[in-house]
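Asker:
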Amino acid sequence: AQSVTQLGSHVSVSEGALVLLRCNYSSSVPPYLFWYVQYPNQGLQLLLKYTTGATLVKGINGFEAEFKKSETSFHLTKPSAHMSDAAEYFCAVTLTDKLIFGTGTRLQVFP
Amino acid sequence: DGGITQSPKYLFRKEGQNVTLSCEQNLNHDAMYWYRQDPGQGLRLIYYSQIVNDFQKGDIAEGYSVSREKKESFPLTVTSAQKNPTAFYLCASSHDTFYGYTFGSGTRLTVV
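Pasting the structure below:
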């Protein structure tokens, strides 16, 4: 069965530092994988997605993620954190007709 | 602009009352979804619908009901049978899971 695990419910970085948010998945079929961002009291916004093709996917706001089949991972990175990146981030995997979401990682950015 | 609208943004109700949350989309998406979000628990699926006049239970359907009479609309009713209804509710729609979901801005329900 498909599932998603996000390691670390909270991540803190300094402004300008590397952001790394971890996501591991389990899927019996080739997965579609997504990262979403949620700002306080708002809905989720799609950051990027992997479906097929190139394993390094670039998204909005300077984020990117790499699909690694051998490690069943889809970690989200950004070279240099900005204060505006503070939010909650969700990884998701497809399960036929719906998405399965991880429990989220809250990113704090310190000046 | 196309999008998905949830209303109201904040809702307060007394315990024991039913309440209906609105979700409308003009994206021409076939599928619509309702999620509940609680701190530290991520998103939990309540109900979803792939086509008009058909819907399926999600992981936490007890105490909730839905209808899908029109493609654009997927209202969620939180009934008095829901034991802990205070939460943030998110509606989403999708053309196909290949494209992911488009989310509304959410409704925060507080039951007192």
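Protein chains in written order, with our numbering: chain S, 11 to 121; chain P, 1325 to 1436. The C-beta atom is built at its ideal place from N, Cα and C for all residues, glycine as well. Quick caveat, the model's predicted, so the values are computed rather than measured.
1) With distances taken Cα to Cα, identify the nearest neighbour of Asn-1377(P) among Val-1343(P), Thr-1434(P) and Arg-1392(P).
2) Using only the alpha-carbon positions, how far apart do Arg-116(S) and Tyr-35(S) sit?
3) How far does the beta strand (DSSP E) with Ser-1418(P) in it extend, from its first residue to its last?
4) Please name the residues in the stretch 1354 to 1379 of chain P whose beta-carbon is closer than 9 angstroms to at least one beta-carbon of chain S, in chain order.
5) Just to confirm, are Glu-76(S) and Thr-62(S) a CB contact at a threshold of 7 angstroms?
6) Which residue comes first and which comes last in the beta strand (DSSP E) that contains Ile-70(S)?
7) With Gln-48(S) as the anchor, note down where its beta strand (DSSP E) starts and where it stops.
8) Is any beta-carbon of chain P found at less than 7 angstroms from that of Leu-56(S)?
9) If you pair each beta-carbon of the stretch 105 to 112 of chain S with each one of the stretch 1411 to 1424 of chain P, do three or more pairs fall below 8 angstroms?
10) Run the CB neighbour count on Pro-1363(P), radius 10 Å, all protein chains shown included, and call it buried at 16 or more, exposed below.
11) Taking Cβ positions, are Phe-73(S) and Lys-59(S) nearer each other than 7 angstroms?
12) On the CB-based measure, 16 or more other CB atoms within 10 Å of its CB, does Ser-1373(P) come out buried or exposed?
13) Could you tell me which residues DSSP puts in a beta bridge with His-85(S)?
14) Assign Pro-121(S) to one of two classes, buried (16 or more other C-beta atoms within 10 Å of its C-beta) or exposed (fewer than that).
15) Are Val-14(S) and Ile-110(S) closer than 7 angstroms when you measure CB to CB?
16) My assumption, with CB atoms under 8 angstroms, is that Asn-1350(P) sits in contact with Gly-1326(P). Please give the rounded CB distance.
17) What did DSSP end up calling Asp-95(S) once you bin it into helix, strand or coil?
18) Using a Cβ-Cβ cutoff of less than 8 angstroms, which residues in the same chain neighbour Gln-48(S) once the five nearest sequence positions on both sides are dropped?
19) Can you pull the chain P residues whose beta carbon is under 8 angstroms from the beta carbon of Thr-115(S), in chain order?
Answerer: So, from the listed chains and residues:
1) The candidate whose alpha carbon is nearest that of Asn-1377(P) is Arg-1392(P).
2) 19 angstroms
3) Run containing Ser-1418(P): 1411 to 1418, per the beta strand (DSSP E) assignment.
4) Ala-1355, Tyr-1357, Tyr-1359, Gln-1361, Gly-1364, Gln-1365, Gly-1366, Leu-1367, Arg-1368, Leu-1369, Tyr-1372 and Gln-1374
5) no
6) Annotation: Ile-70(S) is outside any beta strand (DSSP E) and is labelled neither H nor E by DSSP.
7) 43 to 48
8) For Leu-56(S), the nearest beta carbon of chain P is closer than 7 angstroms to its own beta carbon.
9) Yes: the two stretches touch, three or more of their Cβ pairs being nearer than 8 angstroms.
10) exposed
11) no
12) By the C-beta density criterion, Ser-1373(P) is buried, having at least 16 other C-beta atoms within 10 angstroms.
13) Glu-76(S)
14) exposed
15) Cβ distance < 7 angstroms, so Val-14(S) and Ile-110(S) count as in contact.
16) 5 angstroms
17) helix
18) Leu-54, Gln-55, Ala-97, Glu-98, Tyr-99, Phe-100 and Gly-114
19) Correct list: empty, because the minimum Cβ distance to chain P is about 10 angstroms.
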